[in-house]
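Worksheet: the structure to be examined is printed underneath.
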RNA sequence: GUGGCCGUAGCUCAGCCCGGUUAGAGCACCUGGUUGUGGUCCAGGAAGUCGGGGGUUCAAAUCCCCUCGGUCACCCCA
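In the working numbering, the protein residues as written are 1 to 419.
Right under this line is the structure:
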């Protein structure tokens with residue numbers, strides 16, 4: 001930080017090894033889990049026409065004040081994506097793939113907001129979207145995929161919160177009832193919540209302000225407003241999760257930040273995180289979104305998981321460690337470095353990870369570098385070995401010692417040692 | 001967007017309250033500890049515009065203002 005004149009912009013950062021390796025591994029595990037369930041990858045653009053994101057709801061903070069918007073040189077109104085569901089559904093509307101269309105994605109999103117622990121202006125998510133079926137079993141599959149993913153990482157202290165916002169009519173009636181309830185007693189609400197009440201009454205339920213607690217506790221409950229159809233759908237989702245042995249807590253006050261959610265909504269929180277940002281993932285149904293993007297009415301369900309926060313949760317639970325080594329073999333060349341050029345190439349072509357030292361440093365310095373590299377084996381070549389057509393292979397980790405052997409036997413020897 | 005705390009070598013920090021010799025420590029890094037061998041130990045070394053700018057003063061890392069960044073909370077969400 002001290003002497004560089006440029007710094008990463010506020011709310012962004014560079015991810016260096018070993019974090020970067022851990023990062024990549026997380027995405028690989030995710031791809032593995034959802035790929036095994038028939039989800040294929042979709043890579044949407046990182047920016048869209050602003051209107052695509054307006055479909056998320058003008059009253060949401062994400063759209064109202066957190067979007068990176070700009071005019072491009074062609075005069076188009078563009079926004080960096082604040083999330084990927086809108087882009088994926090736009091892609092669905094544009095390409096009209098056969099349903100069920102089950103896809104996954106991974107990549108950065110952008111929101112202009114004040115950074116804090118687990119909250120960045122550029123943040124990565126992995127997620128899935130499944131469009132087509134209205135089947136509650138699909139909701140359960142989607143939720144289960146996230147759950148199994150967390151399990152694969154080794155996370156144990158994850159809580160699944162579940163709710164149903166009902167069909168559009170149910171939701172509207174509930175919003176009306178909520179508005180009536182809070183308006184009747186508006187004086188008792190915090191100033192912020194009074195404002196929220198006028199723009200997005202549902203989200204008053206989300207307030208953490210102590211002043212609001214009493215009125216929120218007394219508020220009407222969503223389950224009482226579910227139509228029979230929505231209630232049955234929700235019951236089937238729950239039954240499937242029960243059958244899968246996935247624990248959840250029904251949370252009637254769980255409302256999510258985007259307006260498009262209907263019926264099943266869910267959120268994953270990490271109990272091990274003591275930060276305020278303990279939601280590591282969330283999702284739900286958005287049965288009207290495809291229509292809003294210009295596609296034939298098509299139900300959909302999906303989730304997004306925050307990569308940064310998931311990794312923070314892994315830290316808190318001390319699971320999913322970063323890989324410890326970069327290479328298997330390290331070449332030490334005291335003949336000036338020419339031999340290392342050939343030896344590293346040979347070892348790498350044999351499929352082994354291999355590095356070397358530079359600048360013709362002393363043997364001691366090269367051995368030190370070999371040790372630091374994490375390599376299990378050092379391949380040493382000096383004048384003695386070179387003139388005899390040999391190399392010396394030294395074990396850096398165990399007590400296997402070292403031996404000098406014919407250069408032609410090197411690869412076979414390394415393979416045996418690394419088994 | 002609002003408020004609290006913080007910003008000194010690559011990293012973690014001391015020094016700041018009570019302005020004044022060449023700004024320190026640990027870890028990391030580099031070089032040695034004789035004749036080609038790392039991880040321990042010993043010795044030495046390199047490394048800081050004290051976040052940036054302005055002000056007060058004979059003198060500021062130390063006091064004041066502004067600014068940038070970090071962090072925590074609110075807000076919101078992944």
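C-beta atoms are modelled at their ideal positions from N, C-alpha and C, and glycine is treated no differently.
Any idea if residue 40 is buried or exposed, counting beta-carbon neighbours within 10 angstroms, 16 or more meaning buried?
-> exposed
Pairwise C-alpha distance: residue 52 and residue 76 = 13 Å
Give a yes or no on whether the C-beta atoms belonging to residue 302 and residue 130 are separated by under 8 Å.
-> yes
Burial state of residue 98 (16 or more Cβ within 10 Å) = With fewer than 16 other Cβ atoms within 10 Å, it is exposed.
Simplified DSSP assignment, three categories, for residue 124 | strand
For residue 282, which three-state DSSP category applies?
-> strand
Alpha carbon to alpha carbon, how far is residue 325 from residue 124?
-> 25 Å
Local Cβ density within 10 Å of residue 102, reported as buried at 16 or more and exposed below that = buried
For the beta strand (DSSP E) that residue 406 lies in, which residues bound it at each end?
-> 402–406
Between residue 270 and residue 398, what straight-line distance do the alpha-carbon atoms span, to the nearest angstrom?
-> 39 Å
Euclidean distance between Cα positions of residue 241 and residue 401 | 55 Å
So the beta strand (DSSP E) residue 265 belongs to, where does it begin and stop?
-> 262–270
Count the CB pairs spanning the stretch 254–272 and the stretch 158–178 that are closer than 8 Å, and state whether there are at least three.
-> Taking a cut-off of 8 Å on C-beta distances, the stretch 254–272 touches the stretch 158–178, as three or more cross pairs fall below it.
Could you spell out where the alpha helix (DSSP H) holding residue 237 opens and where it closes?
-> Residues 228–244.
Would residue 316 pass as a contact of residue 272 if the rule is Cβ separation under 8 Å?
-> yes
What is the DSSP secondary structure of residue 423, counted as helix, strand or coil?
-> Only positions 1 to 419 of the chain appear in the structure, and residue 423 is not among them; the question remains open.
Leaving aside the five residues before and after residue 122 along the sequence, list all residues of the same chain whose C-beta is less than 6 Å from its C-beta, in chain order.
-> 12, 108, 110
State the start and end residues of the unbroken beta strand (DSSP E) segment that holds residue 159.
-> 158–164
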